[in-house]
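One structure is given here, and the rest of the page talks about it.
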Amino acid sequence: MSVFSKKKGSTKIDSLIGQGTTVTGDVKFAGGLRVDGIIIGDVGMADEKTGTLVVSEKARIEGKVTCSHLILNGEIRGPIEVSHYVELQPKSRIIGDLAYKTLEMHPGAIIEGHLVHVHNGKREEVAAADIPRVEAKSAQ
Numbered sequence: 006m007s008v009f010s011k012k013k014g015s016t017k018i019d020s021l022i023g024q025g026t027t028v029t030g031d032v033k034f035a036g037g038l039r040v041d042g043i044i045i046g047d048v049g050m051a052d053e054k055t056g057t058l059v060v061s062e063k064a065r066i067e068g069k070v071t072c073s074h075l076i077l078n079g080e081i082r083g084p085i086e087v088s089h090y091v092e093l094q095p096k097s098r099i100i101g102d103l104a105y106k107t108l109e110m111h112p113g114a115i116i117e118g119h120l121v122h123v124h125n126g127k128r129e130e131v132a133a134a135d136i137p138r139v140e141a142k143s144a145q
């Protein structure tokens, strides 16, 4: 069964690290991995194809994360590299830099680090000073 739309990827969840479980050490996964517990170590794909990582609201990862699709509603402390799509849900928190191709960020999501857009293999850091200020005007 697919848990994501075409936009977010169509990888099913193959593995689960359950709530109340703590894994110390690096984790390599293929297909889809859902984390409801804690991982202290790096998390990455077992192969260079595609891998979807889902981090639930009460979950935490302390280490480098590398995957093709990331759905985050928990916490990641460390650098993150996502080759395709990132969705930061309302309770997500990142303490570290995030490299991404496509980013969807819901209100309430927190990033304490730099955003780095990756386009055609090139990294383009997004600095707050480079973002134009936009003021909303009411329609009357």
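Residue numbering for the sequence shown follows the numbering used here, beginning at 6 and increasing consecutively. Every residue, glycine too, gets a C-beta built ideally from N, C-alpha and C. Everything numeric in this text was worked out from a predicted model, so none of it was measured.
Across the set Thr71, Val123 and Tyr105, the C-alpha of Thr71 shows the shortest separation from the C-alpha of aspartate 52. Contiguous beta strand (DSSP E) elements confined to the stretch 71-114 occur at 80-82, 85-93, 98-100, 103-105 and 107-110, taking only those with 3 or more residues. In terms of Cα proximity to isoleucine 115, the closest of Glu80, Arg98 and Thr55 is Arg98.
DSSP, read as helix, strand or coil, puts glycine 49 in strand.
Isoleucine 66 sits in a strand when the DSSP states are folded into three classes. Here DSSP, grouped into helix, strand and coil, assigns glycine 37 to strand. At the C-beta level, lysine 96 and asparagine 78 come within 8 angstroms of one another.
A straight line joining the alpha-carbon of isoleucine 45 with that of lysine 69 spans about 10 angstroms. Of the candidates His122, Lys17, Ala104 and Gly83, the residue whose Cα lies closest to the Cα of threonine 57 is Lys17. Per DSSP, glycine 30 has no beta bridge partner at all. Contact annotation: glycine 113 and glycine 101 have beta-carbon atoms that are not nearer than 8 angstroms.
According to the DSSP secondary-structure assignment, isoleucine 43 is paired through a beta bridge with Thr27 and Arg65.
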